[in-house]
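Engineer:
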Amino acid sequence: MKHDARLVNMGAWLAVGALVISAHSFISRSHLQMLFEVAMGWSISAAALAVVIRRRFARVVLVYLCLLGVALAMGWLDSVDVAPRPTVAIGLPTVIRGTVTSAAVYASETIYQINVRHEGAGTGQRRCDYTVSWRPTSHAVQPLFVGEGVVLSGMFVEDDGQTAENTARAVDLLSPLYKFRGQLLSVQPARGALADLQWLSGALDRTVPSADGVFANVALSMVVGRAAAVPSDTQTLFLDAGVMHLLAASGANVVLVLRVSGLVWKGVVRVLRVQVKMLPILYQLAVVWGFVWLCGGAIPIVRAGVFASYTVLARACGRPVHPFTALSVSTLLFALWSPEEISTVSGILSTMAAFAIFQATQLLPRNSPHRRANGFWPHWLISLLHRALSHGWSLMLVSLLIDAYMIPLIWWLFGQLTPYGAAATVVVEPLLVLLLPLTLLWCGIVLLDQCLPLSRAFADVGHGVGMTDVGLVHFLCFALQKFVALPHSFDVMPQLPTWWMLAYYGLLLLCQRPTGIARALVRLIARMNAHQIV
């Protein structure tokens, strides 16, 4: 079984690598047909030989060749159909169409990040997928919101070099940000999940006082990521404290939502005595993709949703779910859906976050002994408090274990870790464990209140839950202000060397199998002793 899992992992990562490399290469349409025919012919012949040949090694090699051929063909098709970078030279006029993904509001200007999906005008339009930064040149332009579609006319300009000094080279390589200067031609309202998210954000704001609307947006942002609007001063506070990544959900929230929803399902089963085996599977899949919809279909959340869905289906089929196998297969499925996104910074962070939280939950004990009620306290109350404290403590341990995986990678990618950044993350991030179920409960109550407007009870409960959520966010911002006020809090530490990062993650992987390491050391010592005796 372990040998088969290793073969699956190796084949999946070979296919992902071939798909990503071919998708990021420009292939002209004249050469596409020849390359596609060669790759598909290669794959068909390899698959046919794998069926005929009975040797296991030769069959595995041919299956790998078949996977590589299919991955290369699909990557080339994606490269011709969707350009991963601008095809217009710098300084030449063009028209781009895309969707606003974020907005940074400063004292004198606003800078938008736009995900460009079409480039060119008229019959010369081409599909594309890259991100540009755009600054309005006129103050008459109305503020844009995340999810709105825009059409810009202008040109691409060269980078002024200021961004390259403040960001790591790896970020510029994996997720390049191109600069566009021009005029706004038209604006389309947000559609789909992003429009629903804007409606939900407005509904949440109406349940709390207007002065606390900022904290409501911060709470929603910690759950759904950049799809929620956060004021620039709050973003600056998180950036100064070294925990800016807390405002951009990297996908780990999906697995946390799945874990918290399991507690709700256990209560429903006990009350209704449901015995249908398929209902828990459908419930978990509905929770995962409902949360993906709530987050506006953000790429990291979709990536983690694929990971969680694979683990749910594998367990439903009775298959053992190894974290690395789940990571490999889900990465391949996501690469087939969006090959240009798997190698971006958000894709890498979501991959590491999903793997980290899955591995962290595996390390925690499943069950704990229940204590009997003593004195006049009822048994059900003691049991309820014990379970709540046990699950809360385990989720906080999960958040700390996730930090052990995520902080070095973020330090290496962005190179802006402050002396108190790691400490602030460890202190503040457990609050997210409390904010996540509380914010989801708040959203659910608000949705029920909108569906049943005749009942005032949902509005009152939503107001109480919202004030509790806002109070936690207010305490979180207060704690960050204390970290920022410490001396030397703005000193940026040197960037983490690559070999240090590789050594650190290698040590984490080795710590997962201490028995295997001990056996290898025993064998090595035995061989050395045997050579000395001879």
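Per my numbering, the sequence shown starts with residue 130, numbered consecutively. No residue lacks a Cβ here, since even glycine has one placed at the ideal position from N, Cα and C. Given the structure is predicted, the values throughout are model-derived calculations rather than measurements.
By the 10 Å Cβ neighbour count, where 16 or more other Cβ atoms means buried, how is Cys-446 classified, buried or exposed?
Structural biologist: exposed
Engineer: Could you round the C-beta distance between Leu-609 and Leu-442 to whole angstroms and report it? I think they count as a contact, below 8 Å.
Structural biologist: About 40 Å separates the two Cβ atoms, so there is no contact after all.
Engineer: Can the beta-carbon of Ala-345 be found less than 8 Å from the beta-carbon of Leu-329?
Structural biologist: no
Engineer: Between the C-alpha atoms of Ile-410 and Gln-624, what's the straight-line distance to the nearest angstrom?
Structural biologist: 44 Å
Engineer: Taking the C-alpha atoms as reference points, what is the distance between Thr-296 and Phe-543?
Structural biologist: For Thr-296, the predicted model reports a pLDDT of 47, less than 50, meaning its position is unreliable; a value from the coordinates is still stated below. Roughly 6 Å separates the two Cα atoms.
Engineer: Out of Thr-568, Leu-510 and Tyr-549, point me to the one whose CA is closest to Leu-385's CA.
Structural biologist: Minimum Cα distance to Leu-385 is reached at Thr-568.
Engineer: With DSSP run on the structure shown, which of helix, strand or coil describes Val-245?
Structural biologist: Reduced to three states, the DSSP call for Val-245 is strand.
Engineer: Is Gly-319 near Gln-327, with beta carbons less than 8 Å apart?
Structural biologist: Contrary to the premise, residue 319 reads as Ala rather than Gly in this sequence. In this structure, the beta-carbon distance from Ala-319 to Gln-327 falls below 8 Å.
Engineer: How is Leu-625 classed by DSSP in three states: helix, strand or coil?
Structural biologist: coil
Engineer: Could you check where the beta strand (DSSP E) with Asp-258 kicks off and where it finishes?
Structural biologist: 255-263
Engineer: Who are the Cβ neighbours of Met-481 in its own chain at under 7 Å, not counting the five residues just before and after it?
Structural biologist: Tyr-534, Met-535 and Leu-538
Engineer: DSSP three-state label for Gln-312, please.
Structural biologist: strand
Engineer: Determine the burial state of Gly-331: buried for a count of at least 16 other Cβ atoms within 10 Å of its Cβ, exposed for fewer.
Structural biologist: exposed
Engineer: Looking at the unbroken alpha helix (DSSP H) that takes in Gly-591, where does it start and where does it end?
Structural biologist: 585-613
Engineer: By the three-class DSSP mapping on this structure, what secondary structure does Phe-463 have?
Structural biologist: helix
Engineer: Rounded to the nearest angstrom, what separates Gln-488 and Ile-150 at their Cα positions?
Structural biologist: 28 Å
Engineer: From the DSSP output, read off the bridge partner residues of Ala-232.
Structural biologist: Ala-232 pairs with Tyr-241.
Engineer: May I ask which residues mark the beginning and end of the alpha helix (DSSP H) holding Phe-420?
Structural biologist: 407-423
Engineer: Looking at Gly-283: is its Cβ nearer than 8 Å to the Cβ of Arg-310?
Structural biologist: yes
Engineer: If you draw a straight line from the C-alpha of Gln-291 to the C-alpha of Ser-512, how long is it?
Structural biologist: Residue placement at Gln-291 is flagged as unreliable, the pLDDT there being 48, under the threshold of 50; a coordinate-derived value is accordingly withheld.
Engineer: Please report the distance separating the alpha-carbon of Val-613 from that of Met-622.
Structural biologist: 15 Å
Engineer: Where does Ser-339 land, buried or exposed, given buried means 16+ other C-beta within 10 angstroms?
Structural biologist: exposed
Engineer: If we count the other Cβ atoms within 10 Å of its Cβ and call it buried at 16 or more, is Ile-219 buried or exposed?
Structural biologist: exposed
Engineer: If you reduce the DSSP assignment to three classes, tell me which class Tyr-549 lands in.
Structural biologist: coil
Engineer: Could you compute how far the alpha carbon of Trp-466 sits from the alpha carbon of Lys-406?
Structural biologist: 30 Å
Engineer: Within 10 Å of its beta-carbon, does Arg-448 have 16 or more other beta-carbons around it, so buried, or fewer, so exposed?
Structural biologist: Note on Arg-448: under 16 other CB atoms within 10 angstroms of its CB, so exposed under the neighbour-count rule.
Engineer: Is the CB-CB distance between Leu-242 and Thr-260 below 8 Å?
Structural biologist: First, the amino acid is wrong: residue 242 is Gln here, not Leu. Yes.
Engineer: Output the distance between the C-alpha atoms of Asp-221 and Phe-285, rounded to the nearest integer angstrom.
Structural biologist: For clarity, residue 221 is Leu in the given sequence; the question names Asp instead. Each residue's CA atom was taken as its position, placing Leu-221 and Phe-285 some 7 Å apart.
Engineer: Checking the sheet assignment: what are the DSSP bridge partners for Phe-285?
Structural biologist: According to DSSP, Phe-285 bridges with Phe-309.
Engineer: DSSP three-state label for Val-337, please.
Structural biologist: coil
Engineer: Does the beta-carbon of Val-229 have 16 or more other beta-carbons within 10 angstroms, so that it is buried, or is it exposed?
Structural biologist: buried
Engineer: Just to confirm my understanding: we take Val-663, look at its own chain, exclude 5 residues before and 5 after, and list those with CB closer than 8 Å. What are they?
Structural biologist: Low per-residue confidence applies at Val-663: pLDDT is 46, beneath 50, and the placement is therefore not dependable, though the value from the model is reported in the following sentence. Here the set comprises nothing.
Engineer: For Phe-463, which residues of its own chain have a beta-carbon under 7 Å away from its beta-carbon, when the five flanking residues on both sides are left out?
Structural biologist: Arg-432, Val-435 and Ile-471
Engineer: Using a C-beta cutoff of 8 Å, does Leu-465 count as contacting chain B?
Structural biologist: Note that chain B does not occur in the displayed structure, where there is just one protein chain.
Engineer: Straight-line CA distance for Glu-277 to Gln-271?
Structural biologist: Between Glu-277 and Gln-271, the alpha-carbon positions lie close to 12 Å from each other.
Engineer: For the segment 599-608 against the segment 346-353, are there 3 or more C-beta pairs whose distance is under 8 Å?
Structural biologist: yes
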